[in-house]
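Residues 1022 to 1238 (the working numbering) are what the sequence shown spells out, left to right.
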Amino acid sequence: MQVVFLGLPGAGKGTQAANITEDFGIPHIATGDMFRSAIAAETALGKEVRGYLDAGLLVPDELTIRVVSDRLQASDAKQGFLLDGFPRTQPQAVALDRILADLERPLTHVLYLEVAEEELLRRLTGRRVCKQCGASYHSKFNPPHVDNVCDRCGGELSTRPDDEPQAVAVRLRENMQRTEELVSFYTARGLLAKIDGEQPIGHVYDEIRWILRGERV
Ligand code: ADP
Ligand code: AMP
């Protein structure tokens, strides 16, 4: 199963990905997580992308495509994958088609989590992420059991620098029209499944599970 997860920043992709990878046994490949790890490890890639992430801007296509192409060659991706945060532009979507054609593993599903802008703002400004494993929480909508401590790994929670209000506004502007274009692109291919991402977390996951099991189109 080769799955793309589409949705604006804050739509709930990371939150849902944790369940999907566990139930379906496919790796969660999130370009944002890969870039943040590279920044934390101070690698050459991290130095190159840091300015874009801090500002909320998209990393250039060529670089992003190279990173994803390399990642998809890894052995764990041979059983399928959940791509989160990629593609984000038309050139990335075209490149993904080419990469997957070479690997003879075409996309099987594109899940689109639809959430209105006002709700995205509420979610992003309250988001808290685990410094250790990246799990996503919300101070009101999805708090951890113990204040500031990750339920999953015990790590400390923090606020992402690009969840500060100024960067949030830039990120939504950067992504809105491009996401609409990708929704059209994948709808035209009959791959897109639209999900109401404003439902409670468990309901959203029920829908995702039905779609991936072929019980809802
Ligand atoms: P994305 O990976 O799409 O950027 P996240 O999964 O990090 O989004 O979710 C963004 C924020 O919204 C987090 O604070 C998360 O706890 C919260 N959230 C996710 N799904 C829901 C939901 N269905 N209802 C309310 N809050 C949610
Ligand atoms: P995310 O964790 O998905 O919210 O992504 C965080 C940041 O990483 C974005 O604001 C971009 O700077 C960068 N990024 C992630 N995925 C991509 C992508 N497919 N194309 C360009 N930039 C990306």
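For each residue, glycine too, the CB sits at the ideal point set by N, CA and C. The structure displayed is predicted, hence computed values, not measured ones.
{"Query": "Asp1217: first and last residue of the uninterrupted beta strand (DSSP E) it sits in", "Result": "Leu1213 to Asp1217"}
{"Query": "Status (buried if at least 16 other CB within 10 Å, exposed otherwise) for Lys1099", "Result": "exposed"}
{"Query": "Ala1066 versus Ile1060 - alpha carbon distance", "Result": "The question names Ala, yet the displayed sequence has Leu at residue 1066. Near 7 angstroms, if we compare the C-alpha coordinates of Ile1060 and Leu1066."}
{"Query": "Closer than 7 angstroms: Ala1122 CB and nearest ligand 2 heavy atom", "Result": "no"}
{"Query": "Beta-carbon proximity list for Asp1184, same chain, < 8 angstroms, skipping 5 on both sides", "Result": "Leu1145, Thr1146 and Arg1148"}
{"Query": "Where Val1136 sits in the DSSP three-state scheme", "Result": "coil"}
{"Query": "Gln1023 in three-state terms, based on DSSP", "Result": "strand"}
{"Query": "Option in Pro1048, His1159 and Leu1132 with minimal Cα separation from Ala1214", "Result": "Leu1132"}
{"Query": "Cβ shell of Cys1154 (< 8 angstroms), same chain only, five flanking positions each side left out", "Result": "Cys1171, Arg1173, Cys1174 and Gly1176"}
{"Query": "Neighbour-count burial assignment, Val1196, 16 or more Cβ in a 10 Å radius", "Result": "The identity of residue 1196 in the sequence shown is Asn, whereas the question assumes Val. Counting Cβ neighbours within 10 Å, Asn1196 comes out buried, since at least 16 surround it."}
{"Query": "Cβ-based neighbour list, Ile1120, same chain, cut-off 7 angstroms, excluding 5 preceding and 5 following", "Result": "Ser1090 and Leu1093"}
{"Query": "Meets three-Cβ-pair contact criterion under 8 angstroms: the stretch 1046-1055 and the stretch 1070-1089", "Result": "yes"}
{"Query": "First through last residue of the alpha helix (DSSP H) which encompasses Val1189", "Result": "Pro1186 to Ala1209"}
{"Query": "Where Ala1051 falls: helix, strand or coil (DSSP)", "Result": "strand"}
{"Query": "Three-state secondary structure assigned by DSSP to Val1150", "Result": "strand"}
{"Query": "Beta-bridge pairing of His1159 - partner residues as DSSP gives them", "Result": "Arg1148 and Asn1163"}
{"Query": "Cβ pair Gly1218, Ala1032 closer than 8 angstroms", "Result": "yes"}
{"Query": "Proximity of Ile1222 and Thr1036 at Cβ, strictly below 8 angstroms", "Result": "yes"}
{"Query": "Phe1056 in three-state terms, based on DSSP", "Result": "helix"}
{"Query": "Same chain, Cβ closer than 6 angstroms to Ile1041, neighbours up to 5 away in sequence not counted", "Result": "Leu1103"}
{"Query": "Bridge-paired residues (DSSP) for Asp1105", "Result": "Phe1026 and Ala1051"}
{"Query": "Asn1163 beta carbon near ligand 1 (any heavy atom closer than 7 angstroms)", "Result": "yes"}
{"Query": "8 angstroms CB neighbourhood of Gln1111 in its chain, flanking five on each side removed", "Result": "Arg1199, Glu1202, Leu1203 and Phe1206"}
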